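A short worksheet on the structure shown next.
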Amino acid sequence: MLIFLELIAICLALMILIPFFMILVNSFKDIRESALFGLSLPTKWQFSNYKDIFGQAHIFRGFMNSIFISGCVVVIVNIFASMAAFIIQRRDSRFLRSAYYMFIMGLIVPVSIVPTIKLMGDLHIRGTYFSLIMYYTALLLPFAVFLLVGFMKSIPRELDEAALLEGCGYFRLYWQIILPLIITVLVTVTIVVLVSVWNDFFGPFYLMTDSTKWTIVLQIFNFVTMYSTNWGVVFAFMVVVVAPILIIYLFLQRYIIDGLTAGSLKG
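Below, the structure written as structure tokens:
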């Protein structure tokens with residue numbers, strides 16, 4: 204039975220890897236071969252596709268925009284989610300319990316883009332980096348709070364009481380004692396937030412009106428309209444966009460599993 208399940212897992216993994224393999228292989232094909240969208244190796248490897256990619260300045264601008272927005276969202280979500288989870292889990296208050304339930308509602312109720320666009324327009328921040336950062340923060344903060352509250356339940360309150368008896372304030376308790384204990388979960392939150400922001404299309408598509416502030420995913424959309432007849436170049440662009448986030452995910456996947464397991468089992 205175990206061998207059968209392992210075979211199923213291997214087959215599913217191969218099915219997931221097929222699109223990545225197709226993108227990688229076709230990125231080295233010429234305009235004729237790449238239009239066939241096949242899985243065969245190229246008859247002649249076209250490294251010029253990548254040369255065409257890096258020869259365009261807006262590619263680097265898109266990368267910098269994505270890095271800036273993703274970095275800001277990661278920092279903001281980690282800081283505010285960890286603080287909110289700390290005070291929600293450590294203080295017995297009806298108001299804080301209600302606030303926690305509101306965060307849970309944020310996981311259940313889908314975000315509607317039309318009211319979001321209207322709100323950003325009324326605040327006169329649509330088309331700015333700030334609007335997109337706030338949009339992603341509101342979207343991803345509930346998940347981070349939910350995960351961190353679940354993990355903090357496993358940290359004994361006696362640790363807090365001992366620190367407070369020694370004259371430790373609440374902020375120092377959070378910063379020097381609680382925060383080091385939740386690093387694993389924060390790494391998990393970081394990866395989930397980073398992947399979500401980096402891969403998102405609809406947020407910047409609706410909120411970013413200035414093409415100089417487009418993220419790298421929007422640059423792909425624009426690139427396809429420009430090079431729709433040369434799919435080899437389009438596939439090469441996809442490889443360049445996916446590679447950084449995929450490498451980070453592969454290196455830190457152990458922390459994701461540990462963090463999600465800790466937040467679910469110990470909560």
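So for the sequence shown, the working numbering puts the first residue at 204; every next one is plus one.
C-beta: ideal position from N, C-alpha, C; glycine also.
These figures come from a predicted structure and were not determined experimentally.
#1: Starting from R158, trace the alpha helix (DSSP H) both ways and give me its first and last residue.
#2: Could you please give the first and the last residue of the uninterrupted alpha helix (DSSP H) stretch that includes G330?
#3: Does the Cβ of Q422 have 16 or more other Cβ atoms within 10 Å, making it buried, or fewer, making it exposed?
#4: Which residue from R457, N433, F440 and V398 puts its Cα closest to that of I270?
#5: Terminal residues of the continuous alpha helix (DSSP H) containing I385?
#6: Spatial neighbours of S510 within its chain, please: C-beta separation below 7 angstroms, excluding the five flanking residues on both sides.
#7: Please list, in chain order, all residues of the same chain as L227 whose beta carbon is under 7 angstroms from its beta carbon, the five residues on each side excluded.
#8: Buried or exposed: where does R329 fall if 16 or more other Cβ atoms within 10 Å of its Cβ makes it buried?
#9: Taking the alpha carbon of F224 as the reference point, which residue from R375, A446, T387 and K254 has its own alpha carbon closest?
#10: Please confirm whether T412 and N281 have their CB atoms less than 8 angstroms apart.
#11: According to the neighbour-count rule (16 or more other Cβ atoms, all chains shown, within 10 Å of its Cβ), is L368 buried or exposed?
#12: Report back the beta-carbon spacing between I380 and A366 to the nearest angstrom; my notes put them in contact at under 8 angstroms.
#13: Assign R216 to one of two classes, buried (16 or more other C-beta atoms within 10 Å of its C-beta) or exposed (fewer than that).
#14: Classify D403: buried if its beta carbon has 16 or more other beta carbons within 10 angstroms, exposed otherwise.
#15: Once you ignore the five residues that flank I234 on each side, which residues in its own chain have a CB closer than 8 angstroms to its CB?
#16: Mapping the DSSP letters down to three states, classify F240 as helix, strand or coil.
#17: Excluding the 5 residues flanking R293 on each side, which residues of the same chain have their C-beta closer than 8 angstroms to its C-beta?
#18: Counting C-beta neighbours from all protein chains within 10 Å, is the total for N425 16 or more, i.e. buried, or is it exposed?
#19: Within its chain, find whatever has a CB closer than 7 angstroms to the CB of A288; leave out the 5 residues flanking it on each side and keep chain order.
According to the structure shown:
#1: Limits of the chain in this structure are 204 at one end and 470 at the other, which puts residue 158 out of reach.
#2: Where G330 is concerned, there is no enclosing alpha helix (DSSP H), given that its DSSP letter is neither H nor E.
#3: Classification of Q422: buried, given that the 10 Å Cβ count is 16 or more.
#4: Of R457, N433, F440 and V398, the residue nearest in Cα terms is V398.
#5: Here I385 belongs to no alpha helix (DSSP H), and DSSP marks it neither H nor E.
#6: The structure shown does not extend to residue 510, since the chain spans only 204 to 470, so no value can be given for it.
#7: Exclusion of the five residues before and after L227 leaves V442 as the residues of its chain whose Cβ lies within less than 7 angstroms of its Cβ.
#8: So R329 counts as buried.
#9: Checked all of R375, A446, T387 and K254; the closest Cα to F224 is A446.
#10: Not a contact, by the Cβ cut-off of 8 angstroms.
#11: The residue is exposed, with fewer than 16 neighbouring Cβ atoms inside 10 Å.
#12: Indeed, because the Cβ distance is near 6 angstroms, the residues count as touching under 8 angstroms.
#13: It is Ala, not Arg, that sits at residue 216 in the sequence shown. Residue environment analysis places A216 among the exposed positions, since fewer than 16 neighbouring C-beta atoms fall within 10 angstroms of its C-beta.
#14: D403 is buried by the Cβ-count criterion.
#15: Cβ neighbours of I234 beyond the five flanking positions: T432, N433, W434 and G435.
#16: For F240, the secondary structure class from DSSP, reduced to helix, strand or coil, is coil.
#17: Taken in chain order, the residues that qualify are M355, R360 and D363.
#18: Burial call: exposed.
#19: Non-local beta-carbon contacts of A288 in its own chain, meaning distances under 7 angstroms to residues more than five positions away in sequence, involve V348, L351, V352 and M355 in chain order.
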